[in-house]
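Asker: Numbering (our numbering), first residue to last: 962 to 1235. One structure coming up, written as structure tokens, with questions to follow.
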Ligand code: DGL
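Quick look at the structure:
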């Protein structure tokens, strides 16, 4: 157990979006070293089938295991919704996703019992957010809305562009009409649109960022298992590592706009080998 303390945490996503989760982990548990994998060759996951997402995710956790990780965070909402339940029992280390932490905080936050969830098509169709919210708060009404255009807009860097505002208005209008008081940003990219979402939803709607809750849950999980890095062992200073399945340069450029430090190297992995 003692050695495990200094092992890294594996974090993966379909691409760059999971960096919002990695960033939150770095902020809340700064002693931990992260091995990040972005499946940039096979993104997007949000429109793919459950079988495909499970196959991709299984390959990635096998890859991360070769890096000696002590826990894995499925930073992708789609993979958390479609693959986590299958993968968890196959693993001998803790594996957590972003959906349950986000859903629980939404269920606890709502006052009027009306919660909106915006996410990819696959996440919405899985209805996992609804299931977890209702387990905690059986009276809650959950309104899901897939927002497939948000990811490309974020990757284009158009976070506050009039085009993005127009698209967001169209997506959010039906949610506004339901009178929700809580909105879950159930896709890795959406917290980057917080300003635009806030502008449209108004100050009274609470925006839930599952990345924040996931980092909190991870911290507690590491402490409870006695595998949290106390930062005391020399030579184990954190040096986060980044791996992708394609387009390493593009990934690095995006990473450098999200993370509070420069990412100089990103390594390519042939993920189909795992
Ligand atoms: N990372 C995905 C998610 O959080 C969004 C991008 C994709 O569709 O792969 O659901």
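Quick reminder that beta carbons are idealized off the backbone N, C-alpha and C, glycines included.
Does the Cβ of residue 1138 have 16 or more other Cβ atoms within 10 Å, making it buried, or fewer, making it exposed?
Answerer: When all chains shown are included, residue 1138 counts as exposed.
Asker: When the distance is taken between beta carbons, is residue 978 closer than 8 Å to residue 1108?
Answerer: No; because the gap between Cβ atoms is not below 8 Å, this pair is not in contact.
Asker: Have a look at residue 1110 and residue 1129 and give me their C-alpha separation to the nearest angstrom.
Answerer: Rounded to the nearest angstrom, the two C-alpha atoms are 9 Å apart.
Asker: With DSSP as the reference, label residue 1222 as helix, strand or coil.
Answerer: Three-state DSSP puts residue 1222 in coil, outside helix and strand.
Asker: How about residue 1154 and residue 1115: do their beta carbons lie closer than 8 Å?
Answerer: Yes.
Asker: Apart from the five residues on each side of it in sequence, which residues of its chain come closer than 6 Å, Cβ to Cβ, to residue 1032?
Answerer: Contacts found: 970, 1054, 1055.
Asker: Identify which residue in 1028, 1020, 975 has its Cα closest to the Cα of residue 1201.
Answerer: Ranking the options by Cα distance to residue 1201, first place goes to 1028.
Asker: Would you mind giving the Cβ-Cβ distance between residue 1174 and residue 1062, rounded to the nearest angstrom? I have them listed as a contact below 8 Å.
Answerer: Right, the Cβ-Cβ distance comes to about 4 Å (below 8 Å), so this counts as a contact.
Asker: Counting Cβ pairs closer than 8 Å, one from the region 1013-1025 and one from the region 1043-1051, do we hit at least three?
Answerer: Yes, the region 1013-1025 is in contact with the region 1043-1051.
Asker: What are the complete alpha helix (DSSP H) segments, minimum 4 residues, inside the region 1046-1081?
Answerer: Segments of the alpha helix (DSSP H) lying fully in the region 1046-1081: 1060-1070.
Asker: Kindly confirm or deny that the region 993-1000 and the region 1060-1077 touch, where touching means at least three C-beta pairs closer than 8 Å.
Answerer: The region 993-1000 is not in contact with the region 1060-1077.
Asker: Where residue 1026 and residue 1019 are concerned, what is the direct C-alpha to C-alpha distance, given to the nearest angstrom?
Answerer: Approximately 11 Å between the Cα atoms of the pair.
Asker: If you draw a straight line from the alpha carbon of residue 1160 to that of residue 1166, how long is it in whole angstroms?
Answerer: Going from the Cα of residue 1160 to the Cα of residue 1166 covers about 10 Å.
Asker: Any heavy atom of the ligand DGL within a distance shorter than 7 Å of the CB on residue 1061?
Answerer: No, the ligand DGL has no heavy atom inside 7 Å of this Cβ.
Asker: Got a sec, what are the start and stop residues for the beta strand (DSSP E) residue 1146 sits in?
Answerer: Unbroken beta strand (DSSP E) run through residue 1146: 1143-1146.
Asker: In whole angstroms, give me the CA-to-CA distance for residue 1228 and residue 985.
Answerer: Rounded to whole angstroms, residue 1228 to residue 985 spans 22 Å at the Cα level.
Asker: Does residue 1110 come out as helix, strand or coil in the three-state DSSP assignment?
Answerer: Coil.
Asker: In angstroms, rounded to a whole number, what distance separates the CA positions of residue 1183 and residue 1191?
Answerer: One C-alpha to the other measures close to 11 Å.
Asker: Closer than 7 Å from C-beta to any heavy atom of the ligand DGL: which residues, in chain order?
Answerer: Those satisfying the condition are, in chain order, 974, 975, 976, 978, 979, 1004, 1005, 1006, 1007, 1008, 1037, 1038, 1039, 1080, 1081, 1084, 1112, 1148, 1149, 1150.
Asker: Does the Cβ-Cβ distance between residue 1001 and residue 1208 come in under 8 Å?
Answerer: Yes. Within cutoff.
Asker: Going by the CB atoms, is the gap between residue 1059 and residue 1169 shorter than 8 Å?
Answerer: Taking 8 Å as the Cβ cut-off, residue 1169 and residue 1059 do not qualify as a contacting pair.
Asker: Going by other Cβ atoms of all chains shown within 10 Å of its Cβ, with 16 needed for buried, is residue 1124 buried or exposed?
Answerer: It counts as exposed.
Asker: Which two residues bound the contiguous beta strand (DSSP E) that contains residue 1202?
Answerer: Residue 1202 -> beta strand (DSSP E) spans 1202-1205.
Asker: Identify the residues that DSSP records as bridge partners of residue 974: which are they?
Answerer: Looking at the DSSP assignment, residue 974 forms a beta bridge with 999.
Asker: Could you check the C-alpha separation between residue 1048 and residue 1023 for me, to the nearest Å?
Answerer: C-alpha separation (whole angstroms): 11 Å.
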